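Structure first, commentary second.
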Amino acid sequence: GFGVSLVRNELAPVFYINLGFNHKELYEVNINTSSFFFFVCQLDKSYEINRNTFVNAEFLLNFSPFNRTVKNWNGLGVGYLVESKGQYFQDATMMVYYKRRLKHIAIMPGLVIADDFKEVFPVISIKL
4 GFGVSLVRNE LAPVFYINLG FNHKELYEVN INTSSFFFFV CQLDKSYEIN
54 RNTFVNAEFL LNFSPFNRTV KNWNGLGVGY LVESKGQYFQ DATMMVYYKR
104 RLKHIAIMPG LVIADDFKEV FPVISIKL
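Residues are numbered in this note's numbering as their position in the sequence shown, beginning at 1, plus a constant of 3.
Right under this line is the structure:
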């Protein structure tokens with residue numbers, strides 16, 4: 004999948020690769036990667052693309068298991084930075100987030116804990 008995130012004060016496109024298990028529409032467990040792409044303008048007016056990738060684990064519950072037409076998926080995720088390019092994320096970095104999946108999109112507000120857990124800032128993502 005793909006989406007967009009607001010990290011600190013920058014919009015960044017995000018690309019997701021997901022592997023998951025759904026048990027009878029009651030709960031879902033996912034392992035995925037989320038790659039954030041940051042664009043940096045160089046002195047010669049060219050752009051450098053910096054990819055920063057997290058490996059995430061998610062657990063979601065369906066809060067309306069008996070309604071077959073409307074699903075109410077909510078859950079939590081935690082991720083760890085495995086690829087860091089540029090100066091955006093420093094040292095050990097983790098991300099924790101809440102995931103609310105609607106019909107065709109997911110909204111994921113969360114926190115990034117960066118720089119060996121010395122710095123905390125918000126992130127919000129919309130995934131298609």
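Ideal placement from N, C-alpha and C gives every residue a C-beta, glycine not left out. These figures come from a predicted structure and were not determined experimentally.
Contact defined as beta carbons within less than 8 angstroms: I believe Asn59 pairs with Trp76. What is the distance between those atoms, to the nearest angstrom? Incorrect: roughly 16 angstroms between the Cβ atoms, too far for contact.
Below 6 angstroms CB to CB, which residues in the same chain sit around Tyr19 once its five sequence neighbours on both sides are set aside? Correct list, in chain order: Gly4, Asn35, Ser37.
With contact counted as at least three CB pairs below 8 angstroms, one residue from each stretch, are the segment 82–96 and the segment 115–124 in contact? Yes: at least three Cβ pairs fall under 8 angstroms.
Tell me whether Asn25 sits in a helix, a strand or coil according to DSSP, three-state version. Asn25 sits in a strand when the DSSP states are folded into three classes.
When you compare the CB positions of Phe57 and Gly82, do they come within less than 9 angstroms of one another, or not? Yes. Within cutoff.
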